[in-house]
Amino acid sequence: MPNIVVVGTQWGDEGKGKVVDVLTPHVNVVVRYSGGNNAGHTVVVGREKYVLHSIPSGILHNGCRCVVGCGVVVDPGSLIEEMESLVQRGVTLDGNLFISKNAHVIMPYHPALDRASEAKLGARRIGTTLKGVGPAYVDKAARVGIRMADLLDERLFREKVEANLAQKNRLLREIYDAQTFRVEEILGPYLRYAGWLAPYITDTALLLNRWIENGYSVLFEGAQATMLDLDHGTYPYVTSSSTTTGGACTGTGVPPTRIHGALGVAKAYATRVGSGPFPTEMQGAIAEEIRARGNEYGATTGRPRRCGWFDAVVLRYAVRINGLDTVAVTKLDVLDQCETIRVCTGYRYRGDLITEFPEDESVLAGAEPEYEEITGWMAPTTGAKHEGDLPAKARRYLERLEELMGVPLCLVSTGPQRDETIVCDDSPLPRWFPGVRASLL
Ligand code: GDP
Ligand code: IMO
Ligand code: MG
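Residue numbering for the sequence shown follows numbering that gives the first Met the number 0, starting at 0 and increasing by one per position.
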């Protein structure tokens, strides 16, 4: 049974939630390996819309085991809210949800530090989600972080909170001129959260490896995306975790020798939320039009997403960094009314043509996209389920993307619903998940 990583190839919000939801019936386990509640993964089932922040998108299929891996940072209050809202909507969590003992906890001073740091950066701010995710990973790397298991040991938890507050309060007061915290105001709610979450906290690396030994199939659900990866993204305008496929191993405890493939998710265009370079960013009316048609507003913060054209340089880079076997293209329908569609095939920098993604901040800042123009199909693709249902020009657009990326397409998404999905013939997907085509008809 294959274990496959699903990873974002651009700047996030590619539709990973939908792709994971569509593939879940063909696996036994879905595990989130990075990020925290900065993520917003939307899954639409009929008239119901679910936005998942920390819980894997597999949770909507009863019987799928969902794991929050050790690479995730958990805000317990926000996680409990998400759990309660799912339970109210009829989702079963008991026996289906497992949270790593080693996942780090987002403490109340983390969002406070996130806000204070962004305010201090002013024009150079990263445009974070202000969820405290970055500061929580800072503490993890500094070896002062608090892990889920620590929540279950009241004495140890108190000691760690006291030690942390001694330092964080000075930072908040003296560097940022911000409000400080008292130990008791944190301990009260966090110990209540601990009681609530205790039944779900466990050694998930052990569980995952045992399940794999027993023949279970695992989907690794990426959050954020390649260009937001701490090492490989557009640093410093990135998130603070390893979002690429490498993170699937460190963020779960499943070794690379047990992972069999990687599936990238890409929008048929591109979006970015927050600051940082975005070479193919659209300006003016076309940006407004795509934002409106694609409903491009952040699922976590509600911010309007910056919109741009498909960037094949970024995609080739994502194929390389993640070792992608195949790519799922989403939101094709959003381009239905575009007379001309642009695809970036390279960058021009000081007169030279660059075809490999430049990691240097200064090169990227001065890189001008070189576009190829493709005639739009100007016809509805919404809800198309077969490649044959697509207008010839839409098929040609997809073939061109495939050619530029160098890997086959596996899925084309033509709407938010589960069955608004085309399974492509020449991809590893039907081999990995033999029932996938039938399940979407
Ligand atoms: P994620 O963070 O990668 O899971 O993506 P988000 O959920 O943040 O953003 C993707 C949005 O596009 C969600 O609102 C989805 O319901 C929606 N969506 C996904 N696939 C399609 C599609 O093919 N067409 C359209 N129109 N919307 C889609
Ligand atoms: P999903 O999983 C899009 C962006 C923020 C900001 C940067 C750092 O839904 O694709 P952070 O709060 O992580 O420190 O912010 O990363 N960002 C996302 N953008 N989708 C996401 O998640 C994101 N998670 C973080 O906007 O630019
Ligand atoms: Mg999202």
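Where a beta carbon is used, it is the ideal one built from N, C-alpha and C, also for glycine.
For V21, does the three-state DSSP call read helix, strand or coil?
-> helix
CB of G39 to nearest heavy atom of the ligand MG: below 7 angstroms?
-> yes
Give, in chain order, every unbroken run of the alpha helix (DSSP H) that is at least 4 residues long and sits entirely within the region 45 to 121.
-> 75 to 87 and 108 to 120
Confirm, please, whether the CB-CB distance from R347 to E371 is below 8 angstroms.
-> no
Check whether the region 174 to 188 touches the region 13 to 22, counting contact only when three or more Cβ pairs, one atom from each stretch, lie closer than 8 angstroms.
-> no
Would you decide whether P254 is buried or exposed? Buried here means 16 or more other CB atoms lie within 10 Å of its CB.
-> exposed
Exposure label - E488; buried when at least 16 CB within 10 Å | This structure gives no information on residue 488, because the portion of the chain shown stretches from 0 to 440.
Is the beta carbon of R157 less than 8 angstroms from the beta carbon of L196?
-> no
Between the Cα of E288 and the Cα atoms of A366, I98 and Q336, which residue gives the shortest distance?
-> Q336
Segments assigned alpha helix (DSSP H), at least 4 residues, entirely inside the region 287 to 360 | 311 to 321
Residues near P188 by beta carbon distance below 8 angstroms, same chain, minus five either side | G76
By Cβ distance below 6 angstroms, which residues in the same chain neighbour A135 in space, the five residues on each side in sequence not counted?
-> V72, H103, I105 and H109
In this structure, does DSSP put V272 in helix, strand or coil?
-> coil
Note the first and the last residue of the continuous beta strand (DSSP E) segment covering G7.
-> I3 to G7
7 angstroms Cβ shell around T354 - same chain, five flanking residues per side excluded | V312 and G345
Along the alpha helix (DSSP H) that carries Y370, what are the first and last residues, could you check?
-> Segment E367 to T374 is the beta strand (DSSP E) holding Y370; no alpha helix (DSSP H) there.
Identify which residue in P429, P1 and V435 has its Cα closest to the Cα of G214.
-> P1
Q166 - DSSP class collapsed to helix/strand/coil | helix
Is it right to say N95 is buried, meaning 16 or more other beta carbons lie within 10 angstroms of its own, or is it exposed?
-> buried
Assign I125 to one of three DSSP states: helix, strand, or coil.
-> coil
For T225, which option in V67, G11, S274 and G126 has the closest C-alpha, if you only look at C-alpha atoms?
-> G11
K384 CB to nearest heavy atom of the ligand GDP below 7 angstroms | no
Straight-line CA distance for A111 to N168?
-> 10 angstroms
For G14, which three-state DSSP category applies?
-> coil
Just to check, is the beta-carbon of G11 closer than 7 angstroms to a non-hydrogen atom of the ligand MG?
-> yes
C-alpha gap between I211 and M82, whole angstroms | 26 angstroms
Note down the Cα distance separating T8 from G232, rounded to an integer number of angstroms.
-> 10 angstroms
Exposure label - D424; buried when at least 16 CB within 10 Å | exposed
Pull up the distance between the alpha-carbon of G414 and that of T41, whole angstroms please.
-> 12 angstroms
Mind checking whether the beta-carbon of A265 lies closer than 7 angstroms to any heavy atom of the ligand MG?
-> no
Under 8 angstroms Cβ to Cβ from L428, same chain only, skipping five residues before and after it: list those, please.
-> L262, T325, C409, L410, V422 and V435
For C248, which three-state DSSP category applies?
-> helix
Curious, which full-length alpha helix (DSSP H) runs of at least 4 residues does the region 169 to 227 contain?
-> 182 to 196 and 203 to 212
Does any heavy atom of the ligand IMO sit closer than 7 angstroms to the C-beta of V333?
-> no
Confirm the yes/no value for this check: CB of A298, any heavy atom of the ligand MG, distance under 7 angstroms.
-> yes
Using 8 angstroms as the Cβ pair cut-off and three pairs as the minimum, do the region 289 to 304 and the region 238 to 254 touch?
-> no
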